[in-house]
Structures are given as structure tokens and as C-alpha cells.
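In what follows, a structure is listed as C-alpha cells, so that the remarks can point back to it.
In the numbering used here, the protein residues as written are 3 to 290.
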């Protein structure tokens, strides 16, 4: 028998991350939660023991895995899905001059093409429910952070596409929320891969500085994943549509970024990742 509860499917629900926090808050709001992840062993105890949570193994890069997830949701809900949260994603930190094309393309597959594959696969269920799509993009979509060009570009593409899909889905009765996510404390960097630069890299002398970027620096003083999740789920419940900013200093970040001249924008980026000053110090040492 199909569940009578509202339903939500969230990608990337490993314990300690944004997806898991969203799943737990949706549970508190009375939804049946389909918590998906590549490795079900990484699910949180809370979700594992929840009566109204279905844990699904899902590889968003596999069309077969996505189709299996669709069939699982159909059998539980009678062919409806009220909310789809495209949350899965990864970060790639490497200078543009040194980045691996293969790694860059895989990142685009995960951060851009996978959400589109999920949307296409689940669209009949969303349309049937007159549901909502939540696309988790990033402030990096508008902030050109050094050494993150592949991540920045993939999230910018995702954010732009999400807003385009919003216009396409609206006549079908489906809402779209594009979340521009600022800093949130998660365990996403716990298993990070350290940047390994080739010996010919122009940035080899600041390799340790580049590695520090993945060490949690960008999450300093960030809000908790639960705070973030409460805010985003609240937006879904209120019927919000379109782009919203969430995370540390989200409101001020949006205002300052859109109103500031280019010089101020560059100063903001350099204050977060001071590449120019680091490279200048290296140059001075080499002259000494």
C-alpha cells in the first residue's frame, strides 16, 4: 500500500553531511524520507533507525542505479515524489594550469550532469505530485575562488541550469529552488585528497598553502549542517521558488557581492584565498 505521507528523496546522505541533516529535518516535518548514498554503511544511526526513512544505495553517475531508485520510490509512494533534493557533489582543488582533464570532466559529471539525470528520471513522479526540486549549488558559482576553477564552473553551470529548469518546470506544476550554499560545517573534507602538483607546476612552492584550503579553512565559523537544513526545509515548506542563499553570512554575502564593484569583489576573493600575497612572498624569496 502506498504511503500517505509526503515524500522526499535526497542524494548524498552520508553521516555528518548536508544531505543527512536535511533528511533528519524532513523526518521531523513528517515526510517519508528516501535517503540515498553510494555506501549505505555510511548512513547515520538516526536515519538507519527511523521508521519513515528508506535507505537506498544510489550511484548518481549510473543510469541503472538511478532507475532502480525510481522503481523503489514508485513502489512505496504509488508513483509520486513531493520533493527531490539534488545534493550530491564533490570539490576539486587544483590550479587550472595543472588540473587533470579526466578529473575535471568527472567532477562535471557529478556536479552538473548527475542532477540533470536525476531530474529527468524522477520528473514523472514530481509532476504527478506537483512537487518541488531543490538544487544545491554553491556560492562558488559566483565567487571565483582560486584553485577551484573546475568546482566553481560546475556549480555555476548547475545554478544557471537550475534556474532555466525552473522556468521549464513551472508550467508542469513543479517548483524549483536553487540554493546558493555558503559555508556549512560538514565532514565532507574528512576524506579529502591532498593536492599533488606536478614538479613543473608554477605553484609548486605554495603547494602546502593550496592543501590548507581543503583543511577546513573555508568552513571556519560556518553554521552547522542542522542550522542549514532547518532553513532550507523551511523554504520548501513555505513554497519558496527561485534562487536563495543559505549558509554562513548568506544574506550579507548576497548583498555585498551583487552591489560591489569589481575591485571590492577581487579584494573579497583575495581575503579568503590570498594567492597574490603568497606568490609575491615566494618571488621575493627566490630573489634573495
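From the three backbone atoms N, C-alpha and C, an ideal C-beta is built for every residue, glycine too.
Secondary structure of residue 41, DSSP reduced to three states: Annotated three-state conformation of residue 41 is coil, per DSSP.
Reduced DSSP category for residue 156 - H, G, I as helix; E, B as strand; rest coil: Helix, per DSSP.
Hey, would you say residue 152 sits closer than 8 angstroms to residue 101, going by beta carbons? Closer than 8 angstroms, so yes.
Report the option in 242, 141, 6 whose CA atom is closest to the CA atom of residue 134. Taking only the C-alpha atoms, the option nearest residue 134 is 242.
Distance between beta carbons of residue 80 and residue 14, contact taken as under 8 angstroms: So it is not a contact: roughly 26 angstroms between Cβ atoms.
Would you mind reading off the limits of the beta strand (DSSP E) that contains residue 121? Per DSSP, residue 121 belongs to no beta strand (DSSP E); it is in the alpha helix (DSSP H), 116-131.
Helix, strand or coil at residue 266 according to DSSP, with G and I counted as helix: Under the three-state reduction of DSSP, residue 266 is assigned to helix.
Along the alpha helix (DSSP H) that carries residue 183, what are the first and last residues, could you check? Boundaries for residue 183: no alpha helix (DSSP H) harbours it, while the beta strand (DSSP E) harbouring it runs 177-183, taken from the DSSP string.
Closest by CA to residue 283, which one among 207, 270, 142? The residue with the shortest Cα to Cα distance from residue 283 is 207.
Check whether the segment 164-171 touches the segment 222-233, counting contact only when three or more Cβ pairs, one atom from each stretch, lie closer than 8 angstroms. Short answer: they don't touch.
How is the beta strand (DSSP E) around residue 237 delimited, first residue to last? Taken as a continuous stretch (DSSP letters only), residue 237 belongs to no beta strand (DSSP E), being part of the alpha helix (DSSP H) at 227-240.
For residue 33, which residues of its own chain have a beta-carbon under 8 angstroms away from its beta-carbon, when the five flanking residues on both sides are left out? Excluding sequence neighbours, residue 33 sits near 7, 8, 9, 10, 54, 84, 85.
Residue range of the unbroken beta strand (DSSP E) whose run includes residue 57: Unbroken beta strand (DSSP E) run through residue 57: 55-59.
Counting C-beta neighbours from all protein chains within 10 Å, is the total for residue 46 16 or more, i.e. buried, or is it exposed? Label assigned to residue 46: buried.
First and last residue of the alpha helix (DSSP H) that includes residue 215? Annotation: the continuous alpha helix (DSSP H) that includes residue 215 extends over 209-215.
What did DSSP end up calling residue 91 once you bin it into helix, strand or coil? Three-state result, residue 91: coil.
Taking the beta carbon of residue 200 as the centre, do at least 16 other beta carbons fall within 10 Å, making it buried, or is it exposed? Label assigned to residue 200: exposed.
Tell me, which residues are paired with residue 248 by DSSP? The bridge partners DSSP lists for residue 248 are 183.
Anyone know if the C-beta pair for residue 156 and residue 113 falls short of 8 angstroms? A contact, by the Cβ cut-off of 8 angstroms.
In whole angstroms, what is the alpha-carbon distance linking residue 261 and residue 36? Taken atom to atom, the span from the alpha-carbon of residue 261 to that of residue 36 is near 40 angstroms.
Where residue 28 falls, given that 16 or more other Cβ within 10 Å makes a residue buried: The residue is buried, with at least 16 neighbouring Cβ atoms inside 10 Å.
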